[in-house]
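J.:
There are 2 protein chains.
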Amino acid sequence: MDNAKLQKFNTLKQEIISEIKPTEYEQIKLEEVTRKLIDHIYNVIKKRDLKDISVQLVGSAARNTWLSGTHDLDIFIVFPENTSREELEAIGLEIARDVTKIADKYEERFAEHPYINLQVENFGVDLVPCFGVSDSSKIKSSVDRTPFHNEYVKSNIAGLFDDVRLLKQFMRGIGVYGSELKTKGFSGYLTELLVIYYGSFENVLYNAANWKPGIKLRLGNEEISTILIQEKKPLLFVDPIDPERNVASAVSLDKLCEFIDAARDFLESPSKQFFFSKKGNEHNKEYLIDRMERRSTGFIVIIFDRPDEVDDVVYPQLYKMERSVTEMLEMFDFKVMKSFSWSEDVGLGNKSVVFFELITSRLPNVKKHFGPPVWLRDHAQKFKEKYSDDKNSFNFYIEDGKYVCDVLRQHVNAKSLLEDRLKTCSLGKHINESINQNFDLLENDEVLKIKNPEFRLLLSKSL
Amino acid sequence: MDNAKLQKFNTLKQEIISEIKPTEYEQIKLEEVTRKLIDHIYNVIKKRDLKDISVQLVGSAARNTWLSGTHDLDIFIVFPENTSREELEAIGLEIARDVTKIADKYEERFAEHPYINLQVENFGVDLVPCFGVSDSSKIKSSVDRTPFHNEYVKSNIAGLFDDVRLLKQFMRGIGVYGSELKTKGFSGYLTELLVIYYGSFENVLYNAANWKPGIKLRLGNEEISTILIQEKKPLLFVDPIDPERNVASAVSLDKLCEFIDAARDFLESPSKQFFFSKKGNEHNKEYLIDRMERRSTGFIVIIFDRPDEVDDVVYPQLYKMERSVTEMLEMFDFKVMKSFSWSEDVGLGNKSVVFFELITSRLPNVKKHFGPPVWLRDHAQKFKEKYSDDKNSFNFYIEDGKYVCDVLRQHVNAKSLLEDRLKTCSLGKHINESINQNFDLLENDEVLKIKNPEFRLLLSKSL
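Taken in sequence, the protein lines are chains H and Z.
Be aware that the first sequence starts at 1, since it is given in our numbering, and climbs by one per residue.
Be aware that the second sequence starts at 1, since it is given in our numbering, and climbs by one per residue.
Structure, rendered in structure tokens:
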């Protein structure tokens with residue numbers, strides 16, 4: 001970068017940081033709430049005369065890498081290593097339930113253990129019990145790793161807090177942030193490790209611009225284990241506290257490539273818009289109809305009640321459905337140009353959607369049906385008997401030595417095909433149940449009956 | 001076959017034979033004309049004091065395997081082996097020209113040598129000069145083989161004349177008779193050899209019903225030469241007078257299979273219609289339009305002036321055109337369901353036609369254009385620069401790690417594609433010249449502007 005560009009770049013960074021760095025007020029508020037919660041938990045422990053239990057704030061709040069406007073606290077209740085799982089779950093829940101007294105609202109959830117999610121003074125708090133193992137190689141459940149991650153990042157992140165914030169916000173803006181099964185992108189911890197590894201926000205981008213899928217990164221110097229290499233993920237970042245674990249295993253090929261692509265573009269001409277995607281810019285109905293007509297392809301949407309499950313359960317099933325319906329459409333000669341899946345957020349609606357763009361949603365009445373080679377006499381004879389006088393057959397002839405019959409196509413439009421055979425597609429358990437209840441099909445501009453801005457944004461991106 | 005069926009079969013054979021066997025009058029007439037021509041030639045030879053030249057009738061007329069209604073005579077003028085090619089051509093033509101004095105009309109033609117085609121009293125006569133070699137292994141030009149073929153068949157065909165006639169007529173009826181490049185079927189000589197080999201008309205059919213492509217037949221017991229085996233033709237019948245020659249080399253896979261198929265059908269339920277195809281049954285316009293609409297596919301015909309050449313020159317170029325235009329159409333995503341080529345006979349019109357049936361003749365305005373993988377930075381960058389802001393680009397995105405751009409399709413209908421790019425297709429010399437002069441495109445029911453019954457029959461067979 002020349003000097004002028006560098007200066008512009010630094011000004012831009014400062015501008016972004018000033019928008020995403022928590023304010024002093026936010027910082028104090030977070031510390032207050034954290035203190036209040038931890039004190040309350042220690043009181044419960046004391047009151048119940050429990051021994052050797054400690055409480056600790058983990059996650060981005062503890063590491064000073066959180067973003068302004070996000071108010072999430074992860075508080076871990078750490079039990080002695082030799083506690084039984086039953087005891088940990090029982091006592092952990094008991095303590096957490098006591099804390100709900102000072103919460104505005106709360107919900108019991110379940111990951112590897114049961115845990116509680118609270119709302120306290122506008123903060124979302126996860127209270128999670130875990131085993132306090134002496135060494136990260138001895139963890140008894142995956143959450144036990146978190147305190148070690150916390151420790152590792154805290155000891156290595158000094159001076160790089162803002163770089164982490166910039167990278168997280170950049171990834172958010174371009175849509176690759178988040179390791180949930182919906183997004184298949186970069187987790188917060190991975191972002192922190194990338195900054196530690198490359199030393200700065202811009203160094204991450206400089207290097208990422210030259211990444212190739214299959215790239216392998218590690219902070220230590222040990223050999224990378226065969227297990228990790230055989231995993232063949234697009235990105236491998238060895239967990240510094242667990243050499244058998246790939247921190248980037250969730251990152252899909254396309255999210256990796258989108259990051260590489262955006263890194264190049266940003267370095268070429270840095271601008272604020274990479275950090276703040278234009279939300280709500282879903283385009284109006286007239287614009288969308290115009291685009292659809294100008295493409296002159298066929299559009300069809302399957303819409304049904306969202307299963308009452310979290311995103312991490314719903315999205316993999318949606319993606320599976322997208323794949324199996326695509327296969328079915330193509331088996332019947334409807335060529336899929338593009339597809340995507342989307343679901344309204346729990347609480348904000350109750351629909352799930354799988355969208356398809358087809359080269360054409362209408363096919364001719366006939367199709368060629370190839371039979372066996374004429375010289376395989378028995379097979380040939382059976383085929384001929386079946387088709388040569390069939391009322392749904394057009395003509396019967398020989399091509400490249402094979403019998404061919406032009407038969408009436410069962411489905412000349414994609415909608416009737418889906419009405420008829422959607423239920424035969426391989427679907428996940430919960431979606432299968434929902435589809436068996438009911439589903440609707442929207443064709444072409446009927447697709448715009450779905451007014452949700454997030455859906456409209458996805459649609460407009462695909463046109 | 002049970003007795004009743006056998007009796008019915010024999011009655012049918014007799015009925016067909018009575019229709020196709022030349023009448024006594026035809027037979028006498030043929031002998032008369034032949035005698036007259038041969039006498040005339042010998043007179044010319046005598047008058048000009050030429051030495052060691054003989055004259056001989058060859059072909060089906062000489063072998064008593066000709067069909068009633070066909071009036072073709074092949075008369076060969078056989079020169080001594082040591083005659084030079086120039087002398088043979090000059091003197092051969094000189095003699096033939098003298099014969100034209102008694103002809104109603106005549107034409108000089110050219111195959112391997114110049115020869116003359118005469119019309120005499122309703123007979124079509126080819127007067128062909130050849131070398132009278134002592135042994136079939138010493139032939140100097142391919143026509144020299146004919147007298148040997150003649151000799152071979154005459155010595156082996158005794159008692160099988162009607163069987164040959166039945167087989168020829170059967171092959172005519174089902175459309176596989178003729179080894180010209182238009183038909184790619186069975187020659188008269190091959191038909192005779194098949195009857196000699198299998199012993200009767202019905203035995204040919206019984207055996208053909210179980211043929212498989214790659215079948216190898218020979219009348220002698222010698223090993224089949226490597227050259228012939230490597231040729232890999234659908235049917236191999238070793239020429240009994242030339243072990244290096246495949247009499248069946250013209251037979252295409254589909255004509256072979258059509259014969260196999262018809263043989264089975266005929267043996268299953270013998271009937272007269274196999275022998276006499278319904279000519280002129282081209283169906284009326286309304287029927288054809290109805291069929292075309294019921295198929296709801298796209299039809300397009302390229303029509304242009306037939307090059308002023310014989311079928312054996314025109315048809316290979318038409319077939320080549322059919323293939324290369326199909327490739328071009330499919331390259332632009334127009335999927336060809338069926339195609340055929342056809343040309344009016346010389347003298348009966350002057351158009352050639354290549355016909356295509358397409359799954360659809362209209363495509364959407366956009367198509368996906370795949371670029372390089374994102375990680376091949378230089379290529380990727382070039383592609384992105386070219387397409388991401390192109391005015392003909394719809395959207396630009398990443399799929400399976402590759403850049404993809406939805407671009408405006410150059411040709412959304414097959415007609416405009418052909419108008420624009422037909423001349424870029426690989427065409428034969430003469431068709432290329434004709435196309436460069438002019439061509440027309442007929443779409444859907446415009447195809448019925450072509451009223452020739454032979455074309456209409458081909459069309460109706462394909463619907």
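Even for Gly, the Cβ is constructed at its ideal location relative to N, Cα and C.
These numbers were taken from a predicted model, which means no experiment stands behind them.
(1) Please name the residue, chosen from K415/Z, T146/Z and E258/Z, that lies closest to D135/Z on a Cα-to-Cα basis.
(2) Quick one: what's S343/Z bridged to in DSSP?
(3) Under 8 angstroms between C-beta atoms, does D82/Z make it to chain H?
(4) One question on the structure: do I303/H and L166/H come within less than 8 angstroms of each other, judged by their Cβ atoms?
(5) So that I know if they touch, is there some Cβ in chain H lying closer than 8 angstroms to that of S462/Z?
(6) DSSP on Q317/H, reduced to helix/strand/coil?
(7) Got a sec: is the Cβ-Cβ distance from T360/Z to anything in chain H below 8 angstroms?
(8) At a CB-CB cut-off below 8 angstroms, which residues of chain Z make contact with E399/H?
(9) For A248/H, tell me which candidate among N203/H, G178/H and R294/H has the shortest Cα-Cα distance.
(10) Against chain Z, does W66/H count as a neighbour if the rule is that its beta carbon must be under 8 angstroms from one of theirs?
(11) Whole angstroms are fine: how far does the CA of S339/Z sit from the CA of N246/Z?
(12) Count the other C-beta atoms from every protein chain shown that fall within 10 angstroms of the C-beta of G220/Z, then say buried if there are 16 or more, exposed otherwise.
(13) Check whether the Cβ of W342/Z lies closer than 8 angstroms to any Cβ atom in chain H.
(14) At 7 angstroms on the CB atoms, spell out the chain Z contacts of M337/H, in chain order.
(15) With DSSP as the reference, label E477/Z as helix, strand or coil.
(16) Compute the Euclidean distance between the alpha carbons of V404/H and A208/Z, then round it to the nearest angstrom.
(17) At a cut of 8 angstroms, does the segment 14 to 30 of chain Z reach the segment 442 to 451 of chain H through at least three beta carbon pairs?
(18) What residues are listed by DSSP as bridge partners for C405/Z?
(19) Mind listing the chain H neighbours of I289/Z? Cutoff is C-beta to C-beta under 7 angstroms, in chain order.
(20) Measuring alpha carbon to alpha carbon, tell me which residue in N122/H, F123/H, E89/H and D126/H is nearest P114/H.
(21) Across which residues does DSSP place Y387/H in a beta bridge pair?
(22) Compare the C-beta of R295/H with all C-beta atoms of chain Z and state if any pair is closer than 8 angstroms.
(23) Please name the residue in T297/Z, K212/Z, L288/Z and F79/Z whose C-alpha comes closest to that of L256/Z.
(24) With which residues is L422/Z paired in a DSSP beta bridge?
(25) Return the chain-ordered ranges of every beta strand (DSSP E) run that is complete within the segment 150 to 236 of chain Z and spans a minimum of 3 residues.
(26) Check this for me: beta carbons of K415/H and S352/H, under 8 angstroms apart or not?
(27) Taking the alpha carbon of V412/H as the point to measure from, which residue in R109/Z, R295/Z and F123/Z has its own alpha carbon closest?
(28) Classify S296/H as helix, strand or coil using the three-state DSSP reduction.
(29) Compute the Euclidean distance between the alpha carbons of S155/H and R63/H, then round it to the nearest angstrom.
(30) Taking the straight line between their C-alpha atoms, what separation do you get for K29/Z and G214/Z?
(31) Between K138/H, S462/H, L376/H and A380/H, which has its C-alpha nearest S393/Z's C-alpha?
(32) Reducing DSSP to helix, strand and coil, say where N438/H ends up.
(33) Applying the criterion that 16 or more other CB atoms from any shown protein chain within 10 Å of the CB defines a buried residue, is N150/H buried or exposed?
(34) Could you give the residue range of the alpha helix (DSSP H) that holds E107/H?
(35) Between E202/Z and I300/Z, what straight-line distance do the alpha-carbon atoms span, to the nearest angstrom?
(36) Kindly indicate which three-state DSSP category V55/H falls into: helix, strand or coil?
T.: Taking the coordinates as given:
(1) Here residue 135/Z corresponds to residue number 135 of the second sequence, with the count starting at 1. Cα-wise, what sits closest to D135/Z is T146/Z.
(2) In the second sequence, the residue the question calls residue 343/Z occupies position 343. S343/Z is bridged to S352/Z.
(3) By one-based count along the second sequence, residue 82/Z stands at place 82. Here residue 82/Z is Asn; the residue named in the question, Asp, does not match the sequence. Nearest CB-CB separation between N82/Z and chain H: not below the 8 angstroms threshold.
(4) If you number the first sequence from 1, residue 303/H lands on position 303. If you number the first sequence from 1, residue 166/H lands on position 166. No; because the gap between Cβ atoms is not below 8 angstroms, this pair is not in contact.
(5) By one-based count along the second sequence, residue 462/Z stands at place 462. Yes - at least one Cβ of chain H is within 8 angstroms of the one on S462/Z.
(6) On the first sequence, residue 317/H is found 317 positions in, with the first residue counted as 1. The answer is helix: DSSP assigns Q317/H an H, G or I state.
(7) To locate residue 360/Z, count along the second sequence from 1; it is residue 360. Output row for T360/Z: interface = yes.
(8) Mapped onto the first sequence, residue 399/H falls at position 399. Going along chain Z in sequence order, the residues near E399/H (Cβ under 8 angstroms) are D254.
(9) For the purposes of this step, residue 248/H is taken as residue 248 along the first sequence, with counting starting at 1. Of the candidates N203/H, G178/H and R294/H, the one whose C-alpha sits nearest the C-alpha of A248/H is G178/H.
(10) As a working note, residue 66/H is residue 66 in the first sequence. It does not; no Cβ of chain Z falls within 8 angstroms.
(11) Numbered from 1 along the second sequence, position 246 holds the residue referred to as residue 246/Z. Numbered from 1 along the second sequence, position 339 holds the residue referred to as residue 339/Z. One C-alpha to the other measures close to 29 angstroms.
(12) Counted from its first residue, the second sequence places residue 220/Z at position 220. So G220/Z counts as exposed.
(13) Here the question's residue 342/Z lines up with position 342 in the second sequence. Not one chain H Cβ lies under 8 angstroms of W342/Z.
(14) On the first sequence, residue 337/H is found 337 positions in, with the first residue counted as 1. Those are K368, listed as they occur along chain Z.
(15) Here chain Z covers residues 1 to 463 and nothing more, so residue 477/Z does not appear.
(16) Against the first sequence, residue 404/H aligns to sequence position 404. Against the second sequence, residue 208/Z aligns to sequence position 208. Cα-Cα distance, rounded: 20 angstroms.
(17) no
(18) Locating residue 405/Z in the second sequence gives position 405, counting from the first residue. For C405/Z, which the question treats as bridged, DSSP gives the partners H369/Z and F396/Z.
(19) The sequence position of residue 289/Z within the second sequence is 289, counting from 1. Within 7 angstroms Cβ-Cβ: nothing; I289/Z doesn't reach chain H, min ~15 angstroms.
(20) Here residue 114/H corresponds to residue number 114 of the first sequence, with the count starting at 1. Checked all of N122/H, F123/H, E89/H and D126/H; the closest Cα to P114/H is E89/H.
(21) Within the first sequence, numbered from 1, the residue matching residue 387/H stands at position 387. Bridge partners of Y387/H: none, in fact.
(22) Translated into positions along the first sequence, residue 295/H becomes position 295. Contacts with chain Z at 8 angstroms (Cβ-Cβ) include R295/H.
(23) As a working note, residue 256/Z is residue 256 in the second sequence. Residue K212/Z is the option with its Cα nearest to L256/Z.
(24) In the second sequence, residue 422/Z corresponds to position 422, counting from 1. Residue pairing of L422/Z in beta bridges, as defined by DSSP: absent, with no partner found.
(25) The qualifying runs are 215 to 217.
(26) If you number the first sequence from 1, residue 415/H lands on position 415. If you number the first sequence from 1, residue 352/H lands on position 352. Result no, Cβ atoms of K415/H and S352/H do not sit closer than 8 angstroms.
(27) As a working mapping, residue 412/H is identified with position 412 in the first sequence. The candidate whose alpha carbon is nearest that of V412/H is R295/Z.
(28) Counting from 1 along the first sequence, the entry for residue 296/H is found at position 296. Coil, per DSSP.
(29) As a working mapping, residue 155/H is identified with position 155 in the first sequence. As a working mapping, residue 63/H is identified with position 63 in the first sequence. Spanning the two alpha carbons is a distance of roughly 9 angstroms.
(30) Taking the first residue of the second sequence as 1, we reach residue 29/Z at position 29. Taking the first residue of the second sequence as 1, we reach residue 214/Z at position 214. Going from the Cα of K29/Z to the Cα of G214/Z covers about 43 angstroms.
(31) Counting from one through the second sequence, the residue named residue 393/Z turns up at place 393. That would be S462/H, whose Cα lies nearest to the Cα of S393/Z.
(32) Counted from its first residue, the first sequence places residue 438/H at position 438. In the three-state reduction of the DSSP assignment, N438/H falls in the coil class.
(33) Start at 1 with the first residue of the first sequence, and residue 150/H comes out as number 150. When all chains shown are included, N150/H counts as buried.
(34) Position 107 of the first sequence holds residue 107/H. Per DSSP, E107/H lies in no alpha helix (DSSP H); the unbroken beta strand (DSSP E) holding it starts and ends at K105 to F110.
(35) As a position in the second sequence, residue 202/Z is number 202, starting the count at 1. As a position in the second sequence, residue 300/Z is number 300, starting the count at 1. Here the alpha carbons of I300/Z and E202/Z stand approximately 42 angstroms from one another.
(36) As a working mapping, residue 55/H is identified with position 55 in the first sequence. V55/H falls in the strand class under three-state DSSP.
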